[in-house]
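Shown next, in structure tokens, is the structure this report addresses.
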Amino acid sequence: MNRVGILGGTFDPPHQGHLIMAEYALEEMDLDEVWFMPSFIPPHKQESATDANARLKMVELATKDHPEFRVCDVELMRKGTSYTVDTMTYLKQQYPELAFYFIIGGDMVEHLSKWNRVDELQQMVEFIGVVRPGYEWSDEIPVHFIDIPSIDISSTVVRERVTSGKSARYLIPDAVDSYIKEHHLYGNNS
21 MNRVGILGGT
31 FDPPHQGHLI
41 MAEYALEEMD
51 LDEVWFMPSF
61 IPPHKQESAT
71 DANARLKMVE
81 LATKDHPEFR
91 VCDVELMRKG
101 TSYTVDTMTY
111 LKQQYPELAF
121 YFIIGGDMVE
131 HLSKWNRVDE
141 LQQMVEFIGV
151 VRPGYEWSDE
161 IPVHFIDIPS
171 IDISSTVVRE
181 RVTSGKSARY
191 LIPDAVDSYI
201 KEHHLYGNNS
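Position 187, counted from 1, in the sequence shown is what the working numbering calls 207; the numbers after and before it change by one each time, with no gaps.
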């Protein structure tokens, strides 16, 4: 049975931290692939600054050169608020032969027990938690923990830098940087 990691998020924009998280999960958990799944509207965040098609394109550009990275647009196609349990129910129906692993940061592990229908979700996926300093984990829900280098990059920081006319080079893949500039995203007029 193939082992597939799912890395969800708004990816507004995707950055090097996302790619490093996926790479480490792939290797440490012996996954066959990692699917990047942009959300339409995640339940724990407000609407994205950038439209869904642009975010999807940026994820495609960020992952295009990695043979084990794929883009899964199921949440964008379904629209509305994206609850992980609903998405995983759909994916398990479409791909019953796959074993799914949901990759989350330490900040999300802390709130995992409050996720919508998490008991059902646990029957469909195993969780991979990326260790982050400053967050505590309960053993209430089983999570495989992996260590990655401490990289303090967020999409918010990238957007703020671009909006203020500063470079996002090295924080995001070159192809994503070019796309942001070409499409004048986040107030970028260069």
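All residues carry an ideal CB built from backbone N, CA and C; glycine is no exception.
A quick note: this is a predicted structure, and the numbers were derived from the prediction, not measured.
Does residue i come within less than 9 Å of chain D when only Cβ atoms are used?
i, result
"Ile173", "Chain labels in this structure do not include chain D; a single protein chain is all it has."
Checking 9 Å against the spacing of the C-beta atoms, do residue i and residue j come in under that value?
i, j, result
"Ala74", "His203", "yes"
"Ile166", "Glu48", "yes"
"Gly25", "Leu46", "yes"
"Val182", "Leu141", "no"
Helix, strand or coil: how does DSSP classify residue i here?
i, result
"Met49", "coil"
"Ile26", "strand"
"Gly185", "coil"
"Tyr121", "strand"
"His86", "coil"
"His38", "helix"
"Ile173", "coil"
Measure how close the beta-carbons of residue i and residue j come, nearest whole angstrom, since I'm counting them as under 8 Å.
i, j, result
"His38", "Leu27", "7 Å"
"Tyr110", "Val94", "6 Å"
"Met41", "Leu118", "Between Leu118 and Met41 the Cβ distance is about 20 Å, and since that is not below 8 Å, they are no contact."
Just to confirm the assignment, what range does the alpha helix (DSSP H) spanning residue i have?
i, result
"Glu146", "That residue, Glu146, is in no alpha helix (DSSP H); its beta strand (DSSP E) goes 145-150."
"Leu81", "72-83"
Quick one: give me the first and last residue of the beta strand (DSSP E) that residue i is part of.
i, result
"Arg137", "Per DSSP, Arg137 belongs to no beta strand (DSSP E) and is neither H nor E."
Stretch-stretch touch, CB-based, cutoff 8 Å, three pairs: the region 92-109 with the region 50-62: Between the region 92-109 and the region 50-62 there are three or more C-beta pairs closer than 8 Å, enough to call the two in contact.
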